[in-house]
Amino acid sequence: MAKVRLPQGKLLEAAGVSLEELLLKQGLTGEVVGALYDGELHDIRDPLPTDGEVRALTLSDPEALEILRHTAAHVLAQAVLRLFPGTKLAIGPAIADGFYYDFEFPESISHEDLPEIEEEMKRIVAADYPVERVFLPREEAIGLYRERGEAYKLELLSEIPDERISFYKQGEFMDLCRGPHLPSTGLVKHFKLLDLAGAYWRGDSTRVMLTRIYGTAFASAEALEQHLRWREEARRRDHRRLGPELDLFSIHNDTIGAGLVLWHPKGARVRHEIESFWKERHFAAGYQLVYTPHIGRARLWQRSGHLDFYREGMYAPMDIEGQEFFIKPMNCPFHIAIYKSRTRSYRDLPIKYAELGTVYRYERSGVLHGLLRVRGFTQDDAHIICRPDQVEAEIRKVLRFALEILRAFGFSDFSAHLSTRPAKYVGTPEAWDLATAALRRAIEAEGLDYDVREGEGAFYGPKIDLDIEDSLRRSWQLTTIQFDFNLPERFDMTYIGEDGREHRPYMIHRALLGSLERFFGILIEHYGGAFPVWLAPVQAAVLPITEEQIPYAEEVAERLRTAGLRAEAWTRGGKTLRYLIREAQLQKIPYMLVCGAREAEAGKAALRLRTGEDLGALDLEEIIARIRDRVQRKTPEL
RNA sequence: GCCGGCGUAGCUCAGCAGGCAGAGCAGCGGUUUCGUAAACCGCAGGUCGGAGGUUCGACUCCUCUCGCCGGCUCCA
170 MAKVRLPQGK LLEAAGVSLE ELLLKQGLTG EVVGALYDGE LHDIRDPLPT DGEVRALTLS
230 DPEALEILRH TAAHVLAQAV LRLFPGTKLA IGPAIADGFY YDFEFPESIS HEDLPEIEEE
290 MKRIVAADYP VERVFLPREE AIGLYRERGE AYKLELLSEI PDERISFYKQ GEFMDLCRGP
350 HLPSTGLVKH FKLLDLAGAY WRGDSTRVML TRIYGTAFAS AEALEQHLRW REEARRRDHR
410 RLGPELDLFS IHNDTIGAGL VLWHPKGARV RHEIESFWKE RHFAAGYQLV YTPHIGRARL
470 WQRSGHLDFY REGMYAPMDI EGQEFFIKPM NCPFHIAIYK SRTRSYRDLP IKYAELGTVY
530 RYERSGVLHG LLRVRGFTQD DAHIICRPDQ VEAEIRKVLR FALEILRAFG FSDFSAHLST
590 RPAKYVGTPE AWDLATAALR RAIEAEGLDY DVREGEGAFY GPKIDLDIED SLRRSWQLTT
650 IQFDFNLPER FDMTYIGEDG REHRPYMIHR ALLGSLERFF GILIEHYGGA FPVWLAPVQA
710 AVLPITEEQI PYAEEVAERL RTAGLRAEAW TRGGKTLRYL IREAQLQKIP YMLVCGAREA
770 EAGKAALRLR TGEDLGALDL EEIIARIRDR VQRKTPEL
């Protein structure tokens, strides 16, 4: 007997029926849209399990969103078939925050067609068609799709082993589908079509390009509104918009090259602060800073294996006095060369080389995206070289270190992924096991949520990836901690052990921020361009009310700069205070020091915060102490 | 790379039935000397992304090309 928990908490016992039948028998209808058991979503028309606990879901359960969106995708497909007869259907799943359906249209459509499709969808919702589940024998299903010329559906069918094929039907529309679905189309009340994009059939660039329509659906109008507001906020915070607006960076495809970033003075100042903090923390954590060249001979990349395994990510060689050189896609071979420059003792380990190393990798033009996907970038790279008995402690340290650094930048929600040994790998299973266990224990010691990606590790070693969640609740993968059993072999890295013999060290690659370019892009969006005081390129703007106060404003700015703060006196003259304040607000400068005749007289400044708060006239020492305090604590407070 | 959309002044955008290319902001010059998110007047600024075609005439229509944006992982 299965125990069925209803939305109001009531428990029912059931056997041999579906949830739908059970509810009908009880005279309970309408509200329940799906079931959750064995950790999976199920259709209310599915037979219930023979035992265990079943949760009946209503639209107000977050788990039911996936069902709602899947049905919304069907409504979309139904509307499209009505408006564009002859359209072929591909797939239409629910995704992270919405749904899509891939179509092959007889003629291409554009954004302008979306409202019309949306209108038709509304009619389908208003008609409130019951959604029925139908099973067809395999042959009949194939016959049906042959007749309609639905090549994509036929291909999908050919991969389904079952003899009874599951279909869902609503009104005149019927689609091959595993489900689950809502009981009727009338429940899809709050949806919106969002985007139109090309998408390869099955994500394979050698196959045809279909037209994908994206949409989203929610259980309530408020939730839909909220989601649309978030999209709008994300658009407003787009680093590609804020970058030029705040004069942080620029990218010039036509003159300089795609995916190559120019850091303007203000962006460079933010980067400098990030780098200074990074270096200081790394020294404190026992890392040694190194610098290595941008190019190296072909034989180096031959030995490292990059030319065999990574060539498509590398730029063409250059000829220097008859020898081939490659621009570096990674820093590791250079760090290894430093390690190998002398004989290492077990007493020397662990050795941790850190470098803000600029690398260049080929990315297809279409995937380049602002600072987030570029061709030239600076990794915050380090290699930890240690003995087997140090692995555990070093992994713990590096994970804890990563979290400490990320927290300083205002990130507090983390999740981890542990990727384990794939089918093809180098190194011994024992080494993999030791490394994987160390990674797992480190994650658990930090109390992080994590999932295990079985077999997803690189061929050369297992790894931990850390995702952070930003202020718009989007997640980004930043930190990666990877074992490497390949390069120490290839370069024959050794140390002399207590026994006087050569041993192979363990090597761990790690990047905490990933790349400075990408991290900067994420930071810009996370803060919406309003950096915390310690990172703000300009911390204080000193604003004279009339030209009379220009000398005083300059003096005030100078005082702040002498105190180690980043202050500018805005002394161009002829501008009203209102104008200057608006400028400073748009530049998202944390502090505005207003200097009028009264302040100049008293040796003070009126402090206005970026939040709009006016703190009135304060002594300069008080202002300096306040700003320094915020810088020192790296707090977002002003 | 591929599909769809978009390229007009440094930025944001208007314009077109095919008939002299426009506005605001920014810049420059001047006037104003101002108390918490845009003072006022003036000046300058353009191969309408590029090339070709149709036409008496193209920013406008057609073809090609370059660039940008959305997407190409989510699996009936």
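Count along the first sequence from 1, then add 169; that gives the number in our numbering.
Ideal placement from N, C-alpha and C gives every residue a C-beta, glycine not left out.
Report back the beta-carbon spacing between residue i and residue j to the nearest angstrom; my notes put them in contact at under 8 Å.
| i | j | result |
| --- | --- | --- |
| Gln718 | Pro759 | Rounded, the Cβ-Cβ distance is 21 Å, inconsistent with contact. |
| Val560 | Tyr479 | About 26 Å separates the two Cβ atoms, so there is no contact after all. |
| Phe336 | Leu326 | With a Cβ gap of about 11 Å, Phe336 and Leu326 do not count as contacting. |
| Phe494 | Ile464 | 5 Å |
| Gly526 | Asp550 | 5 Å |
Is the distance from the Cβ of residue i to the Cβ of residue j below 8 Å?
| i | j | result |
| --- | --- | --- |
| Arg590 | Pro557 | no |
| Leu226 | Val357 | no |
| Leu617 | Glu524 | no |
| Ala753 | Thr740 | no |
| Pro262 | His239 | yes |
| Val223 | Val173 | yes |
| Ala388 | Ser229 | yes |
| Thr354 | Val300 | yes |
| Arg735 | Lys757 | no |
| Ile286 | Leu362 | yes |
| Leu647 | Leu656 | no |
| Met662 | Tyr508 | yes |
| Gln195 | Gly340 | no |
| Ala485 | Leu476 | no |
| Val800 | Arg777 | no |
Report buried or exposed for residue i, applying the criterion of at least 16 other Cβ atoms within 10 angstroms of its Cβ.
| i | result |
| --- | --- |
| His408 | buried |
| Val536 | exposed |
| Ser684 | buried |
| Asn422 | exposed |
| Ile425 | exposed |
| Val543 | buried |
| Ser277 | exposed |
| Lys179 | exposed |
| Ala366 | exposed |
| Gln492 | exposed |
| Thr219 | exposed |
| Ser588 | buried |
| Gly698 | buried |
| Ala427 | exposed |
| Ile489 | exposed |
Taking the beta strand (DSSP E) that residue i belongs to, which residues open and close that run?
| i | result |
| --- | --- |
| Trp645 | 644-653 |
| Ser588 | 583-588 |
| Cys764 | 760-764 |
| Thr227 | 221-227 |
| His211 | 209-211 |
| Gln492 | 492-496 |
| Leu362 | 359-369 |
| Tyr529 | 520-529 |
| Val711 | 709-713 |
Identify the residues that DSSP records as bridge partners of residue i: which are they?
| i | result |
| --- | --- |
| Lys338 | Glu301, Met343 |
| Trp432 | Phe418 |
| Ser684 | Gln548 |
| Thr240 | Note: Thr240 sits in no beta bridge, so no partner. |
| Glu671 | Ile665 |
| Gly426 | Answer by DSSP bridge pairing: none, since Gly426 is not bridged. |
| His408 | Answer is none; His408 lacks a bridge partner. |
| Glu273 | Lys257 |
| Gly630 | Ala627 |
| Ala310 | Its beta-bridge partners do not exist; DSSP assigns none. |
| Tyr206 | Glu209 |
| Leu635 | Ala585 |
| Ile264 | Gly267 |
| Leu379 | Ala368 |
Under DSSP, the alpha helix (DSSP H) around residue i begins and ends at which residues?
| i | result |
| --- | --- |
| Thr605 | 598-614 |
| Ile564 | 560-577 |
| Lys773 | Note, Lys773: premise wrong, no alpha helix (DSSP H); beta strand (DSSP E) at 773-778. |
| Phe478 | 475-478 |
| Pro284 | 283-296 |
| Thr731 | 719-731 |
| Lys744 | Taken as a continuous stretch (DSSP letters only), Lys744 belongs to no alpha helix (DSSP H), as it is neither H nor E. |
| Tyr321 | 320-327 |
| Leu191 | 188-194 |
Can you determine whether any heavy atom of the ligand NAD sits closer than 7 Å to the C-beta of residue i, and answer yes or no?
| i | result |
| --- | --- |
| Asp636 | The ligand NAD is not part of the structure shown, which contains no ligands of any sort. |
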